[in-house]
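Peer 1:
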Amino acid sequence: MTLSLNQQNTAVLMLNQALQGAISPNFRRIAISFLEDVWKIEVFLEVDDAIDRDEIEEVVDQFIVYLYDVEPSSPKIETLVQIGNSPLKLLEKQTERVVFQRRE
Numbered sequence: 000m001t002l003s004l005n006q007q008n009t010a011v012l013m014l015n016q017a018l019q020g021a022i023s024p025n026f027r028r029i030a031i032s033f034l035e036d037v038w039k040i041e042v043f044l045e046v047d048d049a050i051d052r053d054e055i056e057e058v059v060d061q062f063i064v065y066l067y068d069v070e071p072s073s074p075k076i077e078t079l080v081q082i083g084n085s086p087l088k089l090l091e092k093q094t095e096r097v098v099f100q101r102r103e
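Per numbering that gives the first Met the number 0: the sequence shown ends with 103, consecutive numbering throughout.
#1: If I measure Cβ to Cβ from Leu136 and keep anything under 7 Å in the same chain, skipping five residues before and after, which residues do I get?
#2: Just to confirm, is the Cβ distance from Ser32 to Glu77 under 7 Å?
#3: Return the chain-ordered ranges of every alpha helix (DSSP H) run that is complete within the stretch 32-89 and spans a minimum of 4 residues.
#4: Would you give the residue range spanned by the beta strand (DSSP E) that Gln100 belongs to?
#5: Looking at C-alpha atoms only, which residue of Glu103, Ser85, Pro74 and Arg101 is the closest neighbour of Leu2?
#6: With a cut-off of 8 Å on the beta carbons, I'd call Asp68 and Ser23 a contact; round off their distance for me.
#7: List the DSSP bridge partners of Ile29.
#8: Looking at the unbroken alpha helix (DSSP H) that takes in Gln16, where does it start and where does it end?
#9: Taking 8 Å as the limit between beta carbons, can you name the residues of its chain near Arg101, skipping five residues before and five after?
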């Protein structure tokens with residue numbers, strides 16, 4: 000199932016809404032990729048922090064609730080947290096979207 004631009008924008012908006020109040024200065028980038036059956040949320044943190052990891056779990060849970068309100072058969076969500084301050088990779092334009100990125 001390929002998502003339309005409108006469907007991708009709706010998902011990005013829902014993830015953005017779930018992020019309200021959760022982002023700390025430690026967050027470098029949050030991106031989402033829209034694959035067939037699994038959507039991947041990539042979170043890049045500068046340093047590993049237990050509070051930020053808890054926030055990420057809460058954000059993903061809230062995002063799933065938002066998705067379920069719109070589409071009960073929502074895709075599986077996979078979360079990947081990466082730690083470090085090396086340069087951020089470029090995103091795949093067709094499948095990945097930046098939801099948040101701090102200025103570096």
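For every residue, glycine included, the Cβ atom is placed at its ideal position computed from N, Cα and C.
Predicted, not measured: the structure shown is a model, and the values here were computed from it.
Peer 2: Concretely, from the data shown:
#1: Within the shown structure, residues of the chain are numbered from 0 to 103, placing residue 136 beyond reach of any answer.
#2: Residue numbering aside, residue 32 sits at position 33 when the sequence shown is read from its first letter. Residue numbering aside, residue 77 sits at position 78 when the sequence shown is read from its first letter. Not closer than 7 Å, so no.
#3: 49-69
#4: Taking the sequence shown and counting its residues from 1, the one referred to as residue 100 is at position 101. Per DSSP, Gln100 belongs to the beta strand (DSSP E) from Glu95 to Gln100.
#5: Against the sequence shown, residue 2 aligns to sequence position 3. Selected option, being the one with the closest Cα: Pro74.
#6: For this step, residue 68 is matched to residue 69 along the sequence shown. For this step, residue 23 is matched to residue 24 along the sequence shown. Actually they are not in contact, since the Cβ atoms of Asp68 and Ser23 sit about 27 Å apart, beyond 8 Å.
#7: As a working mapping, residue 29 is identified with position 30 in the sequence shown. Answer is Val42 and Phe99, bridged to Ile29.
#8: Reading the sequence shown from its first residue, position 17 is the one you call residue 16. Run containing Gln16: Leu4 to Ala17, per the alpha helix (DSSP H) assignment.
#9: Looking up residue 101 in the sequence shown gives position 102. Excluding sequence neighbours, Arg101 sits near Pro24, Phe26, Arg27 and Arg28.
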